[in-house]
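K.L.:
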Amino acid sequence: MTQMANGLRVHHPNGPETCADGEHLSAVWRTSSYLESIQWELDAAHESLRQAVRQAASSGVDHGALLQAANLTSEELEAALLDAPRA
């Protein structure tokens with residue numbers, strides 16, 4: 002059993018020489034968790050943009066101006082205007 006920097010004790014069946022595996026897995030868990038939180042933020046930002054685009058379009062903003070302001074392709078703009086809100 003080995004004391005890790007984060008206070009966790011790791012026991013590896015193959016002995017102490019594989020303790021680095023625990024450190025590597027810890028890094029994988031941290032990075033995976035970080036990526037998941039960033040993906041959540043990105044999903045929320047996409048939804049906010051979709052709502053802003055829909056509101057602007059319903060207020061009469063020109064589609065060309067929306068394409069430029071939102072940095073969307075014509076297909077992406079069409080999808081944003083037609084899609085139902087994401088759950």
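In this note's numbering, the protein residues as written are 2 to 88. All residues carry an ideal CB built from backbone N, CA and C; glycine is no exception. Computed from a predicted structure; not experimentally measured.
1) Can residue 78 and residue 54 be called in contact, C-beta distance under 8 Å?
2) Check whether the Cβ atoms of residue 75 and residue 68 sit closer than 8 Å, and answer yes or no.
3) Look at the alpha carbon of residue 23 and the alpha carbon of residue 50, and state the distance between them as a whole number of angstroms.
4) What do you reckon, are the CB atoms on residue 73 and residue 66 nearer than 8 Å?
5) At which residue ranges does the stretch 16-81 contain complete alpha helix (DSSP H) runs of 4 or more residues, listed in the order of the chain?
P.N.:
So, from the listed chains and residues:
1) The residue labelled residue 78 in the question sits at position 77 within the sequence shown. The residue labelled residue 54 in the question sits at position 53 within the sequence shown. Going by C-beta atoms, residue 78 is nearer than 8 Å to residue 54.
2) Taking the first residue of the sequence shown as position 1, residue 75 is located at position 74. Taking the first residue of the sequence shown as position 1, residue 68 is located at position 67. Going by C-beta atoms, residue 75 is nearer than 8 Å to residue 68.
3) Position 22 of the sequence shown, counted from the start, is the residue given in the question as residue 23. Position 49 of the sequence shown, counted from the start, is the residue given in the question as residue 50. Cα to Cα, residue 23 sits roughly 40 Å from residue 50.
4) Position 72 of the sequence shown, counting from 1, holds the residue named residue 73. Position 65 of the sequence shown, counting from 1, holds the residue named residue 66. No, they are not a contact pair.
5) 20-59 and 64-71
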